Amino acid sequence: MTDSLILPKPIQEEVETPVRSRFVIEPLYPGYGTTLGNAVRRILLSSLPGCAVNAISIEGVQHEFSSLDDVKEDVVDIMLNVKKVRFRMDGEHEEPVKVEIDAQGSGPVKASAFVTPTGVACVTPDAHIATLTAAKGRLHLFALLTRGRGFLAVEAREKEKLPIGTIAMDALYAPVRHVAFTLDHVRVGQMTNYDKVVLVVETDGSLTPREAMAEALSLLRTQVAGLTLDDGIPAADAQAAPVDAPAGEDRTAAEEHEAPTPHAQEEEKAPSKKKGKKKKEDG
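The sequence shown: position 127 = 127 (UniProt numbering), numbered continuously.
Okay, structure coming up:
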């Protein structure tokens, strides 16, 4: 019987929609399902890179408490609507990218009105931005796209200097909207308590669930591979590292119980000599 753990099979993906998939991971050593399921879920929700709008500027607006003529929504509502728009940005764009809307005439303004440079695309074109209420109405808006991970609040950017008329916004970079996992048991040989994890992943459309899962697993492998002890010895090699015995205690416990040498055995078998003659009994 071997002491090595059974490795899981290649992950199976069941595509439900372009932005939603189920991933099955099995078999896992008992208890590993919760460990790996939680780890992958947290990475998917908080650590994947993405892009988001972190500032906007609107022609004729100086601050977020302003209102626009011939526009139904006020600036705060427009900001909240823009915040929901999701973009996909190629890796070549490391610097912030500016996108623009210049809409005129009455009617709704959708995210599809954004003019984007090469390598940047809006993946939620039907998202509502504002409603122009008159034929002379106009909405001229600029949005600043940046790359990042997780969530970045406006308060964390207090020292950042923005041009006059530019309004900073909270940025949610995470491209994964929802992750849930369930745990079940599967049979492996005679064992019936091995774990099976089913992960349901839903993204915002800027990447597929398969791409999100691949990135999350890559991050997890990278982090685990970097785990070492304080002396720099990898954890797997540390168990074989010799440990110096304290002074005066060079013999190990195993050596203490070793079989005696042949010479020692002969000494143990030899009869002991009498130390004195037996006294004669008085007659």
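Each residue gets a CB set at the ideal place from its N, CA and C atoms; glycine is no exception.
Remember, predicted model here, so these are calculated numbers, not experimental data.
Could you have a look at S35 and say whether DSSP puts it in helix, strand or coil? For this step, residue 35 is matched to residue 35 along the sequence shown. Note that residue 35 is Thr in the sequence shown, not Ser. The answer is helix: DSSP assigns T35 an H, G or I state.
If you run the structure through DSSP and keep just helix, strand and coil, what is V19? Stepping through the sequence shown from its first residue, residue 19 is reached at position 19. Reduced to three states, the DSSP call for V19 is coil.
Please report the residue range of the beta strand (DSSP E) in which R187 lies. Position 187 of the sequence shown, counting from 1, holds the residue named residue 187. Per DSSP, R187 belongs to the beta strand (DSSP E) from 176-188.
Counting only the same chain and skipping the five closest in sequence on each side, list residues whose C-beta sits under 6 Å from that of G148. Residue numbering aside, residue 148 sits at position 148 when the sequence shown is read from its first letter. Around G148: Y173.
List the whole-angstrom C-beta distance separating D186 from K196, where the pair is believed to meet the contact cut-off of C-beta under 8 Å. Locating residue 186 in the sequence shown gives position 186, counting from the first residue. Locating residue 196 in the sequence shown gives position 196, counting from the first residue. Reading the sequence as shown, one finds Val at residue 186 and not Asp. 5 Å between Cβ atoms; contact.
Is the stretch 66-73 close to the stretch 86-96, with three or more CB pairs under 8 Å? no
Bridge partners for M89 per DSSP, in chain order? Here the question's residue 89 lines up with position 89 in the sequence shown. According to DSSP, which records beta bridges pairwise, M89 is partnered with V120.
Is I25 helix, strand or coil when you go by DSSP? Along the sequence shown, one-based indexing puts residue 25 at 25. Of the three classes helix, strand and coil, the one that applies to I25 here is strand, per DSSP.
Whole-number beta carbon distance between L44 and V176, since they are thought to touch under 8 Å: As a working note, residue 176 is residue 176 in the sequence shown. As a working note, residue 44 is residue 44 in the sequence shown. Indeed, because the Cβ distance is near 5 Å, the residues count as touching under 8 Å.
Of the listed residues V53, V19, C51, nearest to M213 (C-alpha basis): Locating residue 213 in the sequence shown gives position 213, where the first residue counts as 1. For M213, the nearest C-alpha among the options comes from V19.
Near M79, which residues of its chain fall below 8 Å by C-beta distance, leaving aside the five closest residues on each side in sequence? Sequence index remark: in the sequence shown, residue 79 carries index 79 (1-based). Cβ within range, chain order: I56, E64, I167, M169.
List the residues that DSSP assigns as beta-bridge partners of K136. Walking along the sequence shown from the start, residue 136 turns up at place 136. Its beta-bridge partners do not exist; DSSP assigns none.
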